[in-house]
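Mapping to my numbering: the sequence shown position 13 is 13, numbers consecutive. In what follows, a structure is listed as structure tokens, so that the remarks can point back to it.
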Amino acid sequence: MPDNPISAARPPALSPAQIDQFIRDGFVKLERAFPRELAAAARDILWRDLPCRADDPSSWTRPVVRLGQYHDEPFKQAVNTPRLHAAFDQLVGPGGWRPRPGLGTFPVRFPHPDDPGDAGWHVDLSFPGPDSSPDRQTGFPDWRVNWRSEGRALLMLFLFSDTDEHDAPTRIKTASHLDVARFLAPAGEAGRSADELSQFADHLERPQVLATGEAGDVYLCHPFLAHAAQMHRGTEPRFLAQPPLHPKEPVCLDRADAAYSPVEIAIRRALSESSI
């Protein structure tokens, strides 16, 4: 079977070159992954929950406001378009992921002179460690990532507003997923903590790119990709969702049929290169 099987039920959303880019660089940008109209409808809902007004910049007194889980129809539709489902099949494997009922936390960033306080390099965490509390928020420092990316198939960045280089686009360290895979491997199933991963990601020397684009674009990223927020230097608030795509089955690096997903291929290549 081929390395990158595609579901017969859906036409591919990503070209072979984009699949290669994902494996090599750790991310791919899917333009127009969901309609701009859905992004606008979602922003209307988010503004109702924000402690400020869209038409009054003087009320934008904080650099970032985090909003919780959203399952309203615009969010549900945005994460479940045929193009996105096809891309999930291509990157994770047909049937290898769990559909999402909506979108998670929205860090809404505002033009502001203050440091937002959350702009450090990191890898998104996936499962609780032995010292985690039942509350993910208070136990967050001991949440972990392991070489199998337990609990996470993809990191996703959903742009719900037009985002240029001044609008606090997420920073990405290109190909850092390969370094992180090699860093995680010796830790085995226990994985590594937020602090360990942040320190490692901070010192990685990799070219940086910015996750810019239009409302409706989505960056599909390898779960090991190092990324970071930044200050907003533009004029309009930036709306972004960053949900995980959950796997239906664990990553497997030793398949009898060699039908590896691009997520698995990238990890295999990283570990193979480390043994040369």
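Think of the CB as a built atom: it goes at the ideal place given N, C-alpha and C, for glycine as much as any other residue.
To the nearest angstrom, report how far apart residue i and residue j are at their CA atoms.
i, j, result
"Pro94", "Trp60", "43 Å"
"Lys248", "Ser58", "46 Å"
"His222", "Leu67", "24 Å"
"Arg171", "Phe106", "17 Å"
"Pro262", "Arg83", "17 Å"
"Leu155", "Arg62", "26 Å"
"Ala194", "Arg268", "23 Å"
"Leu210", "Glu165", "7 Å"
"Phe239", "Pro113", "18 Å"
"Ala40", "Asp89", "27 Å"
"Trp147", "Ala266", "12 Å"
"Pro244", "Ser15", "22 Å"
"Arg136", "Arg144", "Low confidence applies to Arg136: its pLDDT is 48, below 50, so where it sits in the model is not reliable, and the reading given next is rough at best. Taking the straight line joining both Cα atoms gives about 11 Å."
"Arg36", "Val65", "22 Å"
"Leu253", "Ser149", "12 Å"
"Ser272", "Pro250", "20 Å"
"Arg192", "Asp56", "43 Å"
"Gly234", "Leu46", "20 Å"
"Thr138", "Gln69", "Low confidence applies to Thr138: its pLDDT is 48, below 50, so where it sits in the model is not reliable, and the reading given next is rough at best. When rounded, the distance between both Cα atoms is 18 Å."
"Gln208", "Ala241", "21 Å"
Is the CB-CB distance between residue i and residue j below 8 Å?
i, j, result
"Ser198", "Gly120", "yes"
"Phe22", "Leu91", "yes"
"Lys173", "Leu204", "yes"
"Ala168", "Ala226", "no"
"Val79", "Arg98", "no"
"Asp115", "Pro128", "no"
"His71", "Gly96", "no"
"Ala270", "Ala181", "yes"
"Ala185", "Arg206", "no"
"Phe27", "Leu220", "yes"
"Leu38", "Pro11", "no"
"His232", "Pro130", "no"
"Ala33", "Val218", "yes"
Can you give me the start and stop residues for the alpha helix (DSSP H) that residue i sits inside?
i, result
"Lys76", "73-78"
"Phe88", "82-92"
"Arg148", "Looking at the DSSP string, Arg148 is not in any alpha helix (DSSP H), and its letter there is neither H nor E."
Under the assumption that residue i contacts residue j (Cβ atoms under 8 Å), give the Cβ distance between them as a whole number of angstroms.
i, j, result
"Gly216", "Lys29", "About 11 Å separates the two Cβ atoms, so there is no contact after all."
"Val108", "Leu157", "With a Cβ gap of about 14 Å, Val108 and Leu157 do not count as contacting."
"Ala13", "Ala86", "4 Å"
"Phe160", "Ala42", "6 Å"
"Gly151", "His246", "7 Å"
"Ala201", "His122", "6 Å"
At which residues does the beta strand (DSSP E) containing residue i begin and terminate?
i, result
"Leu159", "154-159"
"Arg100", "That residue, Arg100, is in no beta strand (DSSP E); it is neither H nor E in DSSP."
"Leu67", "64-67"
"Arg171", "171-173"
key: Length-filtered (4 minimum) alpha helix (DSSP H) runs lying within the stretch 176-254   = 176-184, 194-202
inquiry  = List, from N- to C-terminal side, the beta strand (DSSP E) runs of 3 residues or more that fit wholly inside the stretch 19-56.
reply    = 27-30
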